[in-house]
Ligand SMILES: *Cc1c(COP(=O)(O)O)cnc(C)c1O
């Protein structure tokens, strides 16, 4: 079912394995890449010794990269972060090329280039087709095979359900704006076909229970032969399907696989499309009200994902202008303002969290959950030795995954934030 959502993948050759989370998929992805790149060296028996290797990912990528590097014994220093471009937070291809040149110059093999396909901040989606072209251009040193491309697609994967959707005719009647956002996201996601391995969290954009994660590879026979161990003498395989020979887990539950299978059958393509369209519609609606509020500004207006990242300022401040100033002006005065306004975002998120925790209603409605990010973006000037609140942009974050969220809830969220801001500012 999943492979049929990916253009160049073939269901007869691809395959996968369920594991304990997106972080587990990451571990599978990098271990598979490591075994594949180093297949000429007996690292399975002897370990890496002191061979230095690199994992390359974007600076917007998930910290699962560090967990994996640490737990595999590669060390977190092996993770090389590539700069991202604004406004879409995609991996900067010039910077990636420079990093690959540096690895080649220093004779350090690259194990994997990890493409981030959807993040929980702004919907960063790396262009896998361009990454694949660079993998061909910069081979690993002699004796090492080519790096594998792993896509950390745990949250973006669901948009693949738009494969084959006729965006022109738009039979599900999404609004023009939503239809366009879905098309853009799908087109970026569809470059996933160039990956060697991908990851899917059904507990994120599949609305399934924790943890329902699927690690998938384009060439399952290659994965199996690259990962398999000589079998244990006391287990006799009766069937051709023996994941115990090549997977991380020994005993495991079938529940996640069944949950995913049930979800896919229950939703169908139309179900995924409608739910995602609805969620994106709510996020577009939120952005539209933010636009009409002079003291609030959206920090990711250009991207087409479902997360809205925004900053709330005290009444009377022109949010858009102030935000632009805070991004670019390194003067003492503006930094102090940035510091103060960052504190305001945190304060607002903490108060909303308290409302959510206590189940308190405001004007008859529960407070919508709204988180914050303490490092959505760095200021555009070199940050030197200043503290984080004076060089990072904090922002509130709306992630409306609940299918019951309505426009009324979004209006309510903005009203609550305005009331709270007034209170904080007169305190
Ligand atoms: C959530 C997430 C992970 C970690 O997945 P878990 O299922 O929480 O282990 C990794 N990468 C990205 C991009 C994520 O959004």
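Residue numbers (full-length UniProt numbering): 1 to 427. Positions of the beta carbon are idealized from the N, C-alpha and C atoms, including for glycine. Note that the structure is a prediction, hence the values are computed from the model and not measured.
Q.
Using the Cβ count rule (16 or more neighbours within 10 Å means buried), how would you classify residue 63?
A. By one-based count along the chain shown, residue 63 stands at place 63. Under this definition residue 63 is an exposed residue.
Q | Every unbroken alpha helix (DSSP H) within the region 204-273, with a cutoff of 4 residues, ordered by chain | A | Qualifying alpha helix (DSSP H) stretches, in chain order: 220-227.
Q: State yes or no: is the C-beta of residue 28 nearer than 8 Å to some heavy atom of ligand 1?
A: Numbered from its first residue, the chain shown carries residue 28 at position 28. Residue 28: no, Cβ never under 8 Å from ligand 1.
Q. Can you tell me whether residue 403 is buried or exposed, with buried defined as 16 or more other CB within 10 angstroms of its CB?
A. For the purposes of this step, residue 403 is identified with residue 403 of the chain shown, where counting begins at 1. Residue 403 is exposed by the Cβ-count criterion.
(Q) Is it buried or exposed, residue 196, if we count other Cβ atoms within 10 angstroms and call 16 or more buried? (A) Indexing the chain shown from 1 puts residue 196 at position 196. Buried, because 16 or more other Cβ atoms sit within 10 Å of the Cβ of residue 196.
(Q) Does residue 176 pass the burial test, meaning 16 or more other C-beta atoms within 10 Å, or should it be called exposed? (A) Taking the chain shown and counting its residues from 1, one reaches residue 176 at position 176. Result: exposed.
Q) Thinking just about the alpha-carbon of each residue, which of 277, 282, 285 and 322 is nearest to the one in residue 294? A) What you label residue 294 is simply residue 294 of the chain shown in a count that begins at 1. Of the candidates 277, 282, 285 and 322, the one whose C-alpha sits nearest the C-alpha of residue 294 is 322.
Q: Assign residue 52 to one of three DSSP states: helix, strand, or coil.
A: By 1-based counting over the chain shown, the position of residue 52 is 52. Residue state, collapsed to three classes: coil.
Q) Which ranges would you report for the beta strand (DSSP E) in the region 73-140 if only whole runs of at least 3 residues count? A) 79-82 and 110-116
Q | Length of the line joining the Cα atoms of residue 285 and residue 305 | A | Your numbering for residue 285 matches position 285 in the chain shown. Your numbering for residue 305 matches position 305 in the chain shown. Approximately 13 Å, taken between the alpha carbons.
**Q.** Rounded C-alpha distance that separates residue 163 from residue 211
**A.** Mapped onto the chain shown, residue 163 falls at position 163. Mapped onto the chain shown, residue 211 falls at position 211. Answer to the nearest angstrom: the Cα atoms are 25 Å apart.
Q | Of the residues 67, 366 and 269, the one placed nearest residue 28, counting alpha carbons only | A | Translated into positions along the chain shown, residue 28 becomes position 28. Considering only alpha carbons, the answer is 67.
Q.
For residue 378, report the span of its alpha helix (DSSP H) as first-last.
A. What you label residue 378 is simply residue 378 of the chain shown in a count that begins at 1. Segment 371-378 is the beta strand (DSSP E) holding residue 378; no alpha helix (DSSP H) there.
Q | Counted within 10 angstroms of its Cβ, other Cβ atoms place residue 105 as buried (16 or more) or exposed | A | Residue mapping note: residue 105 aligns to position 105 of the chain shown, counting from 1. The residue is exposed, with fewer than 16 neighbouring Cβ atoms inside 10 Å.
Q | Candidates 166, 9, 50 and 7: closest to residue 273 by CA position | A | The residue you call residue 273 lines up with position 273 of the chain shown. It is 166.
Q. Can residue 338 and residue 389 be called in contact, C-beta distance under 9 Å?
A. Here residue 338 refers to the residue found at position 338 of the chain shown. Here residue 389 refers to the residue found at position 389 of the chain shown. Yes, the Cβ-Cβ distance between residue 338 and residue 389 is below 9 Å.
Q) With DSSP run on the structure shown, which of helix, strand or coil describes residue 146? A) By one-based count along the chain shown, residue 146 stands at place 146. Residue 146 falls in the coil class under three-state DSSP.
Q: Output the boundary residues of the beta strand (DSSP E) element that contains residue 309.
A: What you label residue 309 is simply residue 309 of the chain shown in a count that begins at 1. Note, residue 309: beta strand (DSSP E), 308-312.
Q. Can you name, in chain order, every residue of its own chain whose Cβ lies under 6 Å from the Cβ of residue 377, other than the five neighbours on each side?
A. Here residue 377 refers to the residue found at position 377 when the chain shown is read from its first residue. Closer than 6 Å at the Cβ level, and outside the excluded window around residue 377, lie 393.
Q.
Can you determine whether any heavy atom of ligand 1 sits closer than 8 Å to the C-beta of residue 62, and answer yes or no?
A. The residue given as residue 62 occupies position 62 in the chain shown. At least one heavy atom of ligand 1 is nearer than 8 Å to the Cβ of residue 62, so yes.
(Q) With three or more C-beta pairs closer than 8 Å as the rule, is the region 127-146 touching the region 92-111? (A) yes
Q.
Please list the terminal residues of the continuous beta strand (DSSP E) segment that includes residue 17.
A. For the purposes of this step, residue 17 is taken as the residue at position 17 of the chain shown. Residue 17 -> beta strand (DSSP E) spans 15-19.
Q. Can residue 118 be considered in contact with ligand 1, in the sense that its beta carbon sits closer than 8 Å to one or more heavy atoms?
A. Here residue 118 is taken as the residue at index 118 of the chain shown, counted from 1. Yes, ligand 1 has a heavy atom inside 8 Å of this Cβ.
Q: Give the C-beta separation of residue 155 and residue 191 to the nearest angstrom, bearing in mind that I take them to be a contact with Cβ-Cβ under 8 Å.
A: Here the question's residue 155 lines up with position 155 in the chain shown. Here the question's residue 191 lines up with position 191 in the chain shown. The Cβ separation is near 16 Å, so there is no contact.
Q) Secondary structure at residue 32, three-state DSSP: helix, strand or coil? A) The sequence position of residue 32 within the chain shown is 32, counting from 1. Helix at residue 32.
Q.
With a threshold of 8 Å (Cβ to nearest heavy atom), would residue 213 be considered close to ligand 1?
A. On the chain shown, residue 213 is found 213 positions in, with the first residue counted as 1. Yes.
Q. Can you tell which of 43, 60, 316 and 59 has its C-alpha closest to the C-alpha of residue 52?
A. Walking along the chain shown from the start, residue 52 turns up at place 52. Closest by alpha carbon: 43.
Q. Do you know offhand how far residue 188's Cα is from residue 277's?
A. Counted from its first residue, the chain shown places residue 188 at position 188. Counted from its first residue, the chain shown places residue 277 at position 277. The straight-line gap from Cα to Cα measures roughly 16 Å.
Q | Bounding residues of the beta strand (DSSP E) (the contiguous stretch that carries residue 343) | A | The residue given as residue 343 occupies position 343 in the chain shown. First-last for residue 343: 332-358, but that is the alpha helix (DSSP H), not the beta strand (DSSP E).
Q) If we count the other Cβ atoms within 10 Å of its Cβ and call it buried at 16 or more, is residue 358 buried or exposed? A) Against the chain shown, residue 358 aligns to sequence position 358. Per the 10 Å Cβ criterion, exposed.
Q: Can you tell me which of the three DSSP states residue 389 falls into?
A: On the chain shown, position 389 is the one that residue 389 refers to. Helix at residue 389.
**Q.** residue 31 beta carbon near ligand 1 (any heavy atom closer than 8 Å)
**A.** Numbered from 1 along the chain shown, position 31 holds the residue referred to as residue 31. No - ligand 1 has no heavy atom lying nearer than 8 Å to the Cβ of residue 31.
(Q) Quick check on residue 406: buried or exposed, where buried means 16 or more other Cβ atoms within 10 Å of its Cβ? (A) Counting from 1 along the chain shown, the entry for residue 406 is found at position 406. By the 10 Å Cβ count, residue 406 comes out exposed.
Q.
What residue range does the alpha helix (DSSP H) around residue 426 cover?
A. Mapped onto the chain shown, residue 426 falls at position 426. Going by DSSP, residue 426 is part of the alpha helix (DSSP H) stretching over 407-426.
Q) Would you say the region 72-89 touches the region 1-21, given that touching needs at least three Cβ pairs under 8 Å? A) no
Q: For residue 34, collect the residues of the same chain with a Cβ closer than 6 Å to its Cβ; drop the 5 residues on either side in sequence, then sort them by chain order.
A: Here residue 34 refers to the residue found at position 34 when the chain shown is read from its first residue. Hits under 6 Å: 111.
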